[in-house]
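Colleague: Residue numbers (full-length UniProt numbering), protein chains in the order written: chain A, 1 to 270; chain D, 1 to 270; chain C, 1 to 270.
Virtual Cβ for every residue (Gly too), placed ideally from N, Cα, C.
Input: one structure, supplied below.
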Amino acid sequence: MTDSSIEAISPKAVAAALSRVRAQRPLVQCITNDVVQEITANVLLAAGMSPAMVPAPEEAAAFAQFAADALLCNVGTPSEENSRGMKLAAATMSEAGKPWTLDPVGAGGTAWRDDLISDLIDLRPTVIRGNGSEILACAGFAHQYKGVDSLDSSRSALDAAKALAQRSGGIVCVSGETDYATDGTRVLAAVGGNVMATLVVGTGCSLSALTAGFAAKAEDPLVATIACCQFVKRAAEIAGNASRGPGSFHDAYLDALYTLQPENFLEEAV
Amino acid sequence: MTDSSIEAISPKAVAAALSRVRAQRPLVQCITNDVVQEITANVLLAAGMSPAMVPAPEEAAAFAQFAADALLCNVGTPSEENSRGMKLAAATMSEAGKPWTLDPVGAGGTAWRDDLISDLIDLRPTVIRGNGSEILACAGFAHQYKGVDSLDSSRSALDAAKALAQRSGGIVCVSGETDYATDGTRVLAAVGGNVMATLVVGTGCSLSALTAGFAAKAEDPLVATIACCQFVKRAAEIAGNASRGPGSFHDAYLDALYTLQPENFLEEAV
Amino acid sequence: MTDSSIEAISPKAVAAALSRVRAQRPLVQCITNDVVQEITANVLLAAGMSPAMVPAPEEAAAFAQFAADALLCNVGTPSEENSRGMKLAAATMSEAGKPWTLDPVGAGGTAWRDDLISDLIDLRPTVIRGNGSEILACAGFAHQYKGVDSLDSSRSALDAAKALAQRSGGIVCVSGETDYATDGTRVLAAVGGNVMATLVVGTGCSLSALTAGFAAKAEDPLVATIACCQFVKRAAEIAGNASRGPGSFHDAYLDALYTLQPENFLEEAV
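Given below as C-alpha cells:
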C-alpha cells in the first residue's frame, strides 16, 4: 500500500466478521448465471451459509420478502426471465432494508447486458463486486474487454470504484491481485490469494455471493465486504499450497473455506 | 430403532438391489434444477446408471416413452418450461408403468412451487423423496422453513410420510440422520452416512435420481428405495473417512459410489 | 491402425498446436447444455483458453461478431431460446470466417432435436464432434440409441464421418477408444485415453469446446482438431493413473490439462 488513504483490513476485523457469519448462518438467495450455480452453492455451504437458488419471477420476490437474509444478482447469463427475477427480488430487498450484491459479469460488452446492469444499479445494491474491467465499465470509464476476463488491474479501477459507489450509494468492491472495497470515501484492501483462483470458474461469482452473506446484519457493510475478501484470499492461499492445478485447487479451496476459523486470523494477528 | 414397526434394510437386500442396477444400467431421464445438473449426472454414472437430462416440453414425453427406464422430477428451480416438461414426462411414465421419483425441493415455501408439487403428486410418483421439512410440508403437516435446508428431523416426519404415501399411492422416502421409506404401512430404515454430505449441494437431489434408477424393474420398490439409501449412506461414510472438508468429500463420494460392490455389503453381513 | 489410409497424428504436430493455443489464449464462446457448463469452462481455462458462456439470442450474435475467436454449439439440452442463440451465433461465425464446432449430443433421438441439428449443419460448422452413435445418426446411417451414450464404436462410424464431412464441407471428428477426424478424404487418428473419462459428464462436451479453440487461426483445421483430441487423450491417461474413481479422475484431468506442456509431447517423440 503506497497510497496512504488505503487501509488494509485487520485480522481482528476478519475474525469478527467470520464469527458473526458462522453464528448467524445467513440464508443467501442467489439469482446467478448458469455456469456457476453449483460452485456458488458449495462455496456458501463451505463458508457456513445457506444457499437458495430462487430465480423465477413467479417466486423470487416472495422468497426475498419472507425468507432471504441476503441476495445475489449475477448477470453472467442473463435471460428475459432471470432478469425479471433479479429486478423483483432486488427491489424487494432494498425496500426491506436487507443487503444484496450485484455482480456485473461481462460489463462493457453488449448493450443489452449493460442496460440490465444499469437498471440493477438504479435499485441501489448494497455491494457491487466485479473485476477491474467490469468496474471501469460500470462507472463509464475507459476499459479493455475480453469476455468475462479482466485485462485491467483492480488498482487501475479504484477511481472508477469510488465514482460508482457515489452513484449507487453503496459499496463497490474490485477484485484482483489486491481487492479493494470503497463507499466512495474510505478505501479498504485485502491482500494475498493465489492466481490459480483465476483458472477455476466461479471463484469471483461465488465471492460476490459471500459478500452478500457477510453484509447481512453487519454493523459496517464496508468492513464486512473487505473482511469477506480477506477470508477468501486466505482460503485461496491455503488451497494454492495444497494443489497441483485447477482441479485439485477447486477442492482444496472448498476444504479451506470450511476449515478456516476465526481463531486462524487472530493467531495471525499476534 | 426403538420403534418395533421400523425395520432396518438387510445388507443382503442392498447387495441384491445394487447387483440388479449394475447389470441393467438403467437409463434415468432427469428433469432437475439448475444447480445440481452436473453432480446428478456424475452420481448416476458413478453408481452404474446412464443419465440423460431431457427437460424440454418439446421432447420430454417422447424420450420418456421410448428411451427412459426411470424418471426424476425435481422442482428445485421451477420454470414455466421445465414444469411443463415434468408434467408431460411424469404422465407418460405413469401410463407406461415405469417408475419415477418426485423430489419436492423447498416444499412449503412459495405458493407457486407448492401448486406445482401438488400437481406432480397427482400424477402418482413411484417415490417421493425429500428431507423432513419437505415431507411434512407435502403432507400438509406443520413444519419449519429455511429455504432448501431442513429444520425438521426425518424421524419427526414419519407420520407425515405415511399419510403422504397413502395419498400418493406410492412410496415416500424421508432423508436425514436415519433415512426412512414407507408405502403407508411398512417402514424400512437406512442408517449411517456422514454429516459432510449436507455441505455438498446435490447429494440429496442426486439420491432422488438414484432411487428412480433403483426402482426400475424392481420387484419391491419399497425395498429398492431404502436399499438405494443404504448404498448411498455407506458411500458417504467411506467418503467422510477419506476427506478433510466438503471439497474432498465430493470427489471421495463419487469414487466410493463407483468402487462399492455388492460383495462389500455381503461381507458386512457375515 | 490396420487401415493404411488412416494416419496417427504426430507428437510434433500436437506440440505445435498446443503451443499456438497457449500463446493465443483464444476466447471461446460457448452455447452448451445445462449439465456441463461448469466443467466446460474449467476445461477451457485449464487448457489455456478463455471461456465465455453467451447463449442469449439478445447478445449471442453481437458477442460472436466482436469478441469470440471460436464458438461451440452443443444441443444437449436445447430450448427455444438457446436454439435461436446458436443459429444466430453460428451464422455470424461462418460469415466472419471464424471457426465453430457443433456437438450433436443425443442425435438420432427425438425428431425435434434432429431438426435443430440439421439446421445447424446447414450453417457449415468447421468441426462436428460426436460419439459413434451420434455421427452415424447425423449422417443418416443406421445406429443404436441409448440417450447420450454411444453403443457404436468410433471405428464403425468412420464411413458416416466421411459422408457427413462431404455434406457439411468441414471436419467431422468421432470420439471413442480411438478418435478419428476427417475432412471427407484424409483421416487422422488419436490414441490412448482412459475409459474413466466416460464416467465423468462433460468430458466429451468439453472436448468439443476445445476443438473450437484449437481451430482458431489454425493453418490446417483437420490437424488442429485431431491434435486437440490427442492432447486430451494424453491428459486422460495421466488422470487415470492418478485417480481411484470418477471423482478423483475429474480433478486429476483438469490438473493434467493445465500441467501438460508442448515439451511433453516432443519428449515422447524422441
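For A:Met53, decide whether its Cβ has a neighbour in chain D, counting only Cβ atoms nearer than 9 Å.
Modeller: Here residue 53 of chain A refers to the residue found at position 53 of the first sequence. With 9 Å as the cut-off, A:Met53 counts as an interface residue toward chain D.
Colleague: Residues of chain A with a CB under 7 Å from the CB of D:Arg113: which are they?
Modeller: Counted from its first residue, the second sequence places residue 113 of chain D at position 113. Simply Glu59.
Colleague: Chain C beta carbons: is any one of them nearer than 9 Å to that of residue 271 of chain A?
Modeller: The question about residue 271 of chain A has no answer here: the residues shown for chain A are numbered 1 through 270.
Colleague: Which residues in the same chain as D:Thr126 place their Cβ atom closer than 7 Å to its Cβ, once the five residues preceding and following it in sequence are excluded?
Modeller: Counted from its first residue, the second sequence places residue 126 of chain D at position 126. If we look at D:Thr126 and ignore the five residues flanking it on each side, its Cβ neighbours are Pro99, Trp100, Thr101, Gly170, Ile171, Ala215, Pro221.
Colleague: Following the continuous alpha helix (DSSP H) through D:Tyr258, name the residue where it begins and the one where it ends.
Modeller: Position 258 of the second sequence holds residue 258 of chain D. Per DSSP, D:Tyr258 belongs to the alpha helix (DSSP H) from 246-259.
Colleague: How should C:Gly245 be labelled, buried or exposed, when 16 other C-beta atoms within 10 angstroms of its C-beta is the threshold for buried?
Modeller: Taking the first residue of the third sequence as 1, we reach residue 245 of chain C at position 245. The residue is buried, with at least 16 neighbouring Cβ atoms inside 10 Å.
Colleague: Flag this pair as yes or no: are the beta carbons of C:Met93 and A:Thr77 separated by less than 9 Å?
Modeller: Numbered from its first residue, the third sequence carries residue 93 of chain C at position 93. Numbered from its first residue, the first sequence carries residue 77 of chain A at position 77. No, the pair does not count as a contact, with Cβ atoms beyond the cut-off.
Colleague: Mind checking D:Val200: buried by the 16 CB within 10 Å criterion, or exposed?
Modeller: Position 200 of the second sequence holds residue 200 of chain D. The Cβ neighbour count for D:Val200, taken over all protein chains shown within 10 Å, is at least 16; the residue is labelled buried.
Colleague: Compute the distance between the beta-carbons of C:Asp251 and A:Ser248, then report whether it is under 9 Å.
Modeller: Position 251 of the third sequence, counted from the first residue, corresponds to residue 251 of chain C. Position 248 of the first sequence, counted from the first residue, corresponds to residue 248 of chain A. In this structure, A:Ser248 lies closer than 9 Å to C:Asp251 by Cβ.
Colleague: Residues in the same chain with beta-carbon distance under 6 Å from C:Ile39, minus the five sequence neighbours each way, listed in chain order, please.
Modeller: Within the third sequence, numbered from 1, the residue matching residue 39 of chain C stands at position 39. Closer than 6 Å at Cβ, skipping near neighbours: Gly202, Ser206.
Colleague: Flag D:Asp34 as yes if its beta-carbon sits less than 9 Å from any beta-carbon of chain C, otherwise no.
Modeller: If you number the second sequence from 1, residue 34 of chain D lands on position 34. Yes, D:Asp34 counts as interfacial toward chain C.
Colleague: Any Cβ of chain D within less than 9 Å of the Cβ of A:Glu81?
Modeller: Translated into the one-based positions of the first sequence, residue 81 of chain A becomes position 81. Closer than 9 Å to some Cβ of chain D, the Cβ of A:Glu81 qualifies, so yes.
Colleague: Taking Cβ positions, are D:Ile133 and D:Ser150 nearer each other than 9 Å?
Modeller: Numbered from its first residue, the second sequence carries residue 133 of chain D at position 133. Numbered from its first residue, the second sequence carries residue 150 of chain D at position 150. Looking at the sequence itself, residue 133 of chain D is Ser, so the reference to Ile does not match. Yes; because the gap between Cβ atoms is below 9 Å, this pair is in contact.
Colleague: For C:Asp149, which beta-bridge partners are listed by DSSP?
Modeller: Position 149 of the third sequence, counted from the start, is the residue given in the question as residue 149 of chain C. Bridge partners of C:Asp149: C:Lys146.
Colleague: Can you tell me which of the three DSSP states C:Val232 falls into?
Modeller: Position 232 of the third sequence, counting from 1, holds the residue named residue 232 of chain C. If DSSP states are grouped into helix, strand and coil, C:Val232 belongs with the helices.
Colleague: Report buried or exposed for C:Phe265, applying the criterion of at least 16 other Cβ atoms within 10 angstroms of its Cβ.
Modeller: What you label residue 265 of chain C is simply residue 265 of the third sequence in a count that begins at 1. Buried is the call here.
Colleague: What did DSSP end up calling C:Ser168 once you bin it into helix, strand or coil?
Modeller: Position 168 of the third sequence holds residue 168 of chain C. C:Ser168 falls in the helix class under three-state DSSP.
Colleague: Spell out the partners DSSP gives D:Ile6 in its beta bridges.
Modeller: Position 6 of the second sequence holds residue 6 of chain D. Its beta-bridge partners are D:Val187.
Colleague: Quick one: what does DSSP say A:Gly240 is sitting in, helix, strand or coil?
Modeller: For the purposes of this step, residue 240 of chain A is taken as residue 240 along the first sequence, with counting starting at 1. Residue state, collapsed to three classes: helix.
Colleague: Within its chain, find whatever has a CB closer than 7 Å to the CB of D:Asp34; leave out the 5 residues flanking it on each side and keep chain order.
Modeller: Within the second sequence, residue 34 of chain D is the residue found at index 34, counting from 1. Excluding positions up to five away in sequence, the list reads Thr77.
Colleague: Leaving out the 5 sequence neighbours to the left and right, which residues in its chain are closer than 6 Å to C:Asn194 when beta-carbon positions are compared?
Modeller: The residue you call residue 194 of chain C lines up with position 194 of the third sequence. Hits under 6 Å: Ala236, Glu237, Gly240.
Colleague: What ranges does the alpha helix (DSSP H) occupy inside the stretch 14-43 of chain A, keeping only unbroken runs of at least 4 residues that lie completely in it?
Modeller: none
Colleague: Between D:Ala239 and chain A, is any beta-carbon pair separated by less than 9 Å?
Modeller: The residue you call residue 239 of chain D lines up with position 239 of the second sequence. False, the Cβ-Cβ gap to chain A never drops below 9 Å.
Colleague: Taking C:Gly213 as part of the beta strand (DSSP E), name the residues at either end of that continuous run.
Modeller: By 1-based counting over the third sequence, the position of residue 213 of chain C is 213. Counting along the chain, C:Gly213 falls outside any beta strand (DSSP E), though it belongs to the alpha helix (DSSP H) covering 203-215.
Colleague: Is there at least one Cβ from chain D nearer than 9 Å to A:Thr46's Cβ?
Modeller: Taking the first residue of the first sequence as position 1, residue 46 of chain A is located at position 46. For clarity, residue 46 of chain A is Ala in the given sequence; the question names Thr instead. Yes, contact with chain D.
Colleague: Can you name the residues of chain A whose CB is closer than 7 Å to the CB of D:Gly147?
Modeller: As a working note, residue 147 of chain D is residue 147 in the second sequence. Near D:Gly147 (Cβ distances below 7 Å), the residues of chain A are Leu27, Ser50, Ala52, Ala67.
Colleague: Return the residue from the list C:Leu188, C:Ala197, C:Gln166, C:Thr182 that minimises the CA-CA distance to C:Ala242.
Modeller: The residue you call residue 242 of chain C lines up with position 242 of the third sequence. That would be C:Ala197, whose Cα lies nearest to the Cα of C:Ala242.
Colleague: Examine chain D for any beta-carbon lying closer than 9 Å to the beta-carbon of C:Val14, and answer yes or no.
Modeller: Translated into positions along the third sequence, residue 14 of chain C becomes position 14. Not closer than 9 Å to any Cβ of chain D, the Cβ of C:Val14 fails to qualify, so no.
Colleague: Verify the CB distance criterion: does C:Pro246 have a CB-CB separation below 9 Å to chain D?
Modeller: Here residue 246 of chain C refers to the residue found at position 246 when the third sequence is read from its first residue. Judged by the 9 Å Cβ criterion, C:Pro246 is in contact with chain D.
Colleague: Measuring only the C-alpha atoms, how far is D:Thr225 from D:Ala256?
Modeller: Sequence index remark: in the second sequence, residue 225 of chain D carries index 225 (1-based). Sequence index remark: in the second sequence, residue 256 of chain D carries index 256 (1-based). If I take the Cα positions, the gap works out to 19 Å.
Colleague: Within 9 Å of any Cβ in chain C, is that where the Cβ of A:Leu123 sits?
Modeller: The sequence position of residue 123 of chain A within the first sequence is 123, counting from 1. Not one chain C Cβ lies under 9 Å of A:Leu123.
Colleague: Residues in the stretch 251-264 of chain A with C-beta within 9 Å of chain D's C-beta atoms, listed in sequence order?
Modeller: Correct list: Asp251, Ala252, Tyr253, Leu254, Asp255, Ala256, Leu257, Tyr258, Thr259.
Colleague: Indicate whether D:Met49 and D:Val75 have their beta-carbon atoms separated by less than 9 Å.
Modeller: On the second sequence, residue 49 of chain D is found 49 positions in, with the first residue counted as 1. On the second sequence, residue 75 of chain D is found 75 positions in, with the first residue counted as 1. No, the pair does not count as a contact, with Cβ atoms beyond the cut-off.
Colleague: Around the C-beta of C:Gln37, are 16 or more other C-beta atoms found within 10 angstroms, so that it is buried, or is it exposed?
Modeller: Translated into positions along the third sequence, residue 37 of chain C becomes position 37. Under this definition C:Gln37 is a buried residue.
Colleague: Taking CB distances under 9 Å as the criterion, tell me whether D:Ala56 reaches chain C.
Modeller: For the purposes of this step, residue 56 of chain D is taken as the residue at position 56 of the second sequence. Closer than 9 Å: yes.
Colleague: Contact check, C:Tyr180 vs C:Ser154 under 8 Å by CB: the rounded distance?
Modeller: Within the third sequence, the letter at position 180 stands for residue 180 of chain C. Within the third sequence, the letter at position 154 stands for residue 154 of chain C. Correct: roughly 6 Å between the Cβ atoms.
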